[in-house]
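Student:
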Ligand code: GLU
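Numbering (this note's numbering), first residue to last: 27 to 507.
(1) Going by the beta-carbon positions, is the gap between residue 38 and residue 92 smaller than 7 Å?
(2) Is it right to say residue 45 is buried, meaning 16 or more other beta carbons lie within 10 angstroms of its own, or is it exposed?
(3) Considering only the alpha carbon of each residue, which of 88, 42, 473, 41 lies closest to residue 53?
(4) Use the C-beta contact count for residue 137: other C-beta atoms within 10 angstroms, 16 or more gives buried, fewer gives exposed.
(5) Beta-carbon separation of residue 55 and residue 223 under 7 Å?
(6) Just verifying my parser: in three-state terms, what is the DSSP assignment at residue 432?
(7) Comparing the CB of residue 202 with every heavy atom of the ligand GLU, is any distance shorter than 6 Å?
(8) According to DSSP, simplified to helix, strand and coil, what is residue 337?
(9) With hydrogens ignored, establish whether the beta-carbon of residue 111 is closer than 6 Å to any heavy atom of the ligand GLU.
(10) Could you tell me the alpha carbon to alpha carbon distance between residue 189 and residue 155, rounded to whole angstroms?
(11) Where do the ends of the alpha helix (DSSP H) carrying residue 90 lie?
(12) Please name the residue in 252, 321, 337, 251 whose C-alpha comes closest to that of residue 273.
(13) Compare the C-alpha of residue 227 against each of 215, 486, 245 and name the closest.
(14) Mind pulling the beta strand (DSSP E) runs of 3 or more residues that sit fully within the stretch 164 to 218?
(15) Which of the three DSSP states, helix, strand or coil, is assigned to residue 278?
(16) Note down, one range per segment and in chain order, each alpha helix (DSSP H) of at least 4 residues found wholly within the stretch 258 to 305.
(17) Report the three-state DSSP secondary structure of residue 131 (helix, strand or coil).
(18) Grab me the residues of residue 243's own chain with a C-beta within less than 6 Å of its C-beta, minus the 5 sequence neighbours each way, in chain order.
(19) For residue 369, which of helix, strand or coil comes out of DSSP?
(20) Run through the DSSP bridge pairs and tell me what residue 64 is partnered with.
(21) Return the CA-CA distance between residue 229 and residue 299, expressed in angstroms with no decimal places.
(22) The beta strand (DSSP E) spanning residue 237 covers which residue range?
(23) Taking just the CA atoms, how far does residue 42 sit from residue 218?
(24) Tell me whether residue 98 sits in a helix, a strand or coil according to DSSP, three-state version.
(25) Give me the DSSP bridge partner(s) of residue 109.
(26) Say the cut is 6 Å; is the CB of residue 35 nearer than that to a heavy atom of the ligand GLU?
(27) Going straight from the alpha carbon of residue 473 to that of residue 467, what length do you get?
(28) Going by DSSP, what residues sit across from residue 331 in a beta bridge?
(29) Would you tell me roughly how many angstroms separate the C-alpha atoms of residue 350 and residue 407, rounded to the nearest one?
(30) So, are the CB atoms of residue 131 and residue 181 less than 7 Å apart?
(31) With burial defined as no fewer than 16 other Cβ atoms inside 10 Å of the residue's Cβ, what is the status of residue 470: buried or exposed?
(32) Is the stretch 392 to 406 touching the stretch 364 to 380 in the sense that three or more CB pairs, one from each, lie closer than 8 Å?
(33) My assumption, with CB atoms under 8 Å, is that residue 194 sits in contact with residue 262. Please give the rounded CB distance.
(34) Can residue 78 be considered in contact with the ligand GLU, in the sense that its beta carbon sits closer than 6 Å to one or more heavy atoms?
(35) In its own chain, which residues sit with a C-beta less than 8 Å from the C-beta of residue 388, not counting the 5 before and 5 after it?
(36) What residue does the alpha helix (DSSP H) around residue 122 start on, and which one ends it?
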């Protein structure tokens, strides 16, 4: 296999992290640019952290972003299976081969013994790491000493001075710390990440290993494994970690925006989120901030990355999403808005408001609250909300009554005549414009901030508007008794 093959390899340990989308975006762009393949592999070897629905969420959210893979657990492919739990014999064979060649050894130490060993190392201010008690021993020899169990793990036998430098596509020459005798095969027969990733990247023909910066320190272990197994290592690219505005690493515990599903729930458009992610540590040659996935494909270059952890600024994403929303056609806007609306129907009403709504919406999830008055009959606006707009109860009643009859008299029910009629009423009675319009607005919508009032009234329709103006008058009349 000579063409580019890249993969993203999430672990199904909870709902997906935004970093999975971030890396998938660039992997896919690189694969498309090179005419190569993008592979999705599920790294489910940590049985204790496995979360049932997580894999499906990974599929769904990557599909939502149109980050579609060529090979994966759900689609199959020539080098499957694509779930690590279905590939155990491959890892076990590799571990066996490494033991035979003297590059790995079995270890029977119990977790209690390892904890005690580490505590002692720390007390003596020594570097922590496995002390090789099991090295060179048979199971029987080791069993004669305390702290041994009958199930072995397999550890790498790291040589005296392993190579610690490698060339990273994003970072150039990169140094990593000396590894310890890392466990590669666990007692349950599952590999640890290190063995799993190397065996799979090799057997799956991965040409470029792309992953987060947190794996830099593991790379020397992986290079040793490639060497021992007689395999050519792939190239490596370690993406910068996305950071909060205080520069801490984005984590799902501390920041809702670390959870990929959050963006969908908030009503970010997938194309806006992709655009935003593409601005994280990467840039277009002309510095443009709004661009498509296809633009990333055409301009992709590893040199365009900055290895410094990009700041994940949700305000910037809000701005960008707003830009994308404004560019939607009305039909498309309504189609995307649908899942966020408080009810069914009201299409004609919404259509009257698309322009102002598109202008003011940053996240589609805000829409529900912005247009809730379209999805109910009566509003039951409390009297104090009405008088808070500056007219006392008798004045507010008079204003609403005048507005009501003006709307009833209108021949049609279009925004411009509505505006004209209400302005005329206000002028004839010399009412304060702001107070008058705010009282009417609150009476027909229940809120003080809405799209322009005449558009809103036209959207609500004559019958409902008039009924709400009348209801508000009786509420005020009752309250002043
Ligand atoms: N399973 C690893 C993770 O979720 C993948 C790292 C890699 O891509 O090598 O971080």
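Glycine is no exception: its CB is placed at the ideal position from the N, C-alpha and C atoms.
Tutor: Once the coordinates are examined:
(1) Position 12 of the chain shown, counted from the start, is the residue given in the question as residue 38. Position 66 of the chain shown, counted from the start, is the residue given in the question as residue 92. The answer is no: Cβ separation not under 7 Å.
(2) Position 19 of the chain shown holds residue 45. That one is buried.
(3) Taking the chain shown and counting its residues from 1, one reaches residue 53 at position 27. Looking at the Cα atoms, 88 is the closest of the given residues.
(4) For the purposes of this step, residue 137 is taken as the residue at position 111 of the chain shown. The residue in question, residue 137, is exposed, as its Cβ has fewer than 16 Cβ neighbours within 10 Å.
(5) By one-based count along the chain shown, residue 55 stands at place 29. By one-based count along the chain shown, residue 223 stands at place 197. Contact: no.
(6) Position 406 of the chain shown, counting from 1, holds the residue named residue 432. In this structure, residue 432 counts as helix in the three-state DSSP scheme.
(7) Residue numbering aside, residue 202 sits at position 176 when the chain shown is read from its first letter. Result no, Cβ not under 6 Å from the ligand GLU.
(8) For the purposes of this step, residue 337 is taken as the residue at position 311 of the chain shown. Residue 337 falls in the strand class under three-state DSSP.
(9) In the chain shown, residue 111 corresponds to position 85, counting from 1. Incorrect: residue 111 has no Cβ contact closer than 6 Å to the ligand GLU.
(10) By one-based count along the chain shown, residue 189 stands at place 163. By one-based count along the chain shown, residue 155 stands at place 129. It is roughly 18 Å from the alpha-carbon of residue 189 to the alpha-carbon of residue 155.
(11) For the purposes of this step, residue 90 is taken as the residue at position 64 of the chain shown. Looking at the DSSP string, the run of the alpha helix (DSSP H) that includes residue 90 is 80 to 90.
(12) Working through the chain shown from its first residue, we reach residue 273 at position 247. Each of 252, 321, 337, 251 was checked against the Cα of residue 273, and the nearest Cα belongs to 337.
(13) Position 201 of the chain shown holds residue 227. Cα-wise, what sits closest to residue 227 is 245.
(14) Taking only runs of at least 3 residues, the beta strand (DSSP E) segments lying wholly in the stretch 164 to 218 are 174 to 182, 191 to 194, 198 to 201, 209 to 211.
(15) The sequence position of residue 278 within the chain shown is 252, counting from 1. Looking at residue 278 - three-state DSSP - the assignment turns out to be coil, as it is neither helix nor strand.
(16) Counting whole runs of 4 or more residues, the stretch 258 to 305 contains the alpha helix (DSSP H) stretches 286 to 292, 296 to 304.
(17) For this step, residue 131 is matched to residue 105 along the chain shown. Assigned with DSSP and collapsed to three states, residue 131 falls in strand.
(18) Residue numbering aside, residue 243 sits at position 217 when the chain shown is read from its first letter. Result list for residue 243: 202, 203, in chain order.
(19) Within the chain shown, the letter at position 343 stands for residue 369. For residue 369, the three-state secondary structure derived from DSSP is coil.
(20) Numbered from its first residue, the chain shown carries residue 64 at position 38. Answer is 32.
(21) Within the chain shown, residue 229 is the residue found at index 203, counting from 1. Within the chain shown, residue 299 is the residue found at index 273, counting from 1. Going from the Cα of residue 229 to the Cα of residue 299 covers about 33 Å.
(22) For this step, residue 237 is matched to residue 211 along the chain shown. Going by DSSP, residue 237 is part of the beta strand (DSSP E) stretching over 234 to 238.
(23) By one-based count along the chain shown, residue 218 stands at place 192. By one-based count along the chain shown, residue 42 stands at place 16. Cα to Cα, residue 218 sits roughly 20 Å from residue 42.
(24) For the purposes of this step, residue 98 is identified with residue 72 of the chain shown, where counting begins at 1. Correct three-state label for residue 98: strand.
(25) Counting from one through the chain shown, the residue named residue 109 turns up at place 83. The partner list for residue 109 (beta bridge, DSSP) reads 68.
(26) Walking along the chain shown from the start, residue 35 turns up at place 9. Residue 35: yes, Cβ under 6 Å from the ligand GLU.
(27) For the purposes of this step, residue 473 is taken as residue 447 along the chain shown, with counting starting at 1. For the purposes of this step, residue 467 is taken as residue 441 along the chain shown, with counting starting at 1. About 7 Å.
(28) As a working mapping, residue 331 is identified with position 305 in the chain shown. In the DSSP assignment, the residues bridged to residue 331 are 308.
(29) One-based indexing of the chain shown puts residue 350 at position 324. One-based indexing of the chain shown puts residue 407 at position 381. In this structure, the CA atom of residue 350 is about 35 Å from the CA atom of residue 407.
(30) Working through the chain shown from its first residue, we reach residue 131 at position 105. Working through the chain shown from its first residue, we reach residue 181 at position 155. In this structure, the beta-carbon distance from residue 131 to residue 181 falls below 7 Å.
(31) Taking the first residue of the chain shown as 1, we reach residue 470 at position 444. Per the 10 Å Cβ criterion, buried.
(32) Contact holds: three or more Cβ-Cβ distances are below 8 Å.
(33) Position 168 of the chain shown holds residue 194. Position 236 of the chain shown holds residue 262. The C-beta distance from residue 194 to residue 262 rounds to 5 Å, short enough to meet the 8 Å contact threshold.
(34) Counting from 1 along the chain shown, the entry for residue 78 is found at position 52. Not under cutoff, so the answer is no.
(35) Looking up residue 388 in the chain shown gives position 362. So the qualifying residues of the chain are 344, 345, 347, 348, 351.
(36) The residue you call residue 122 lines up with position 96 of the chain shown. Start and end: 114 to 126.
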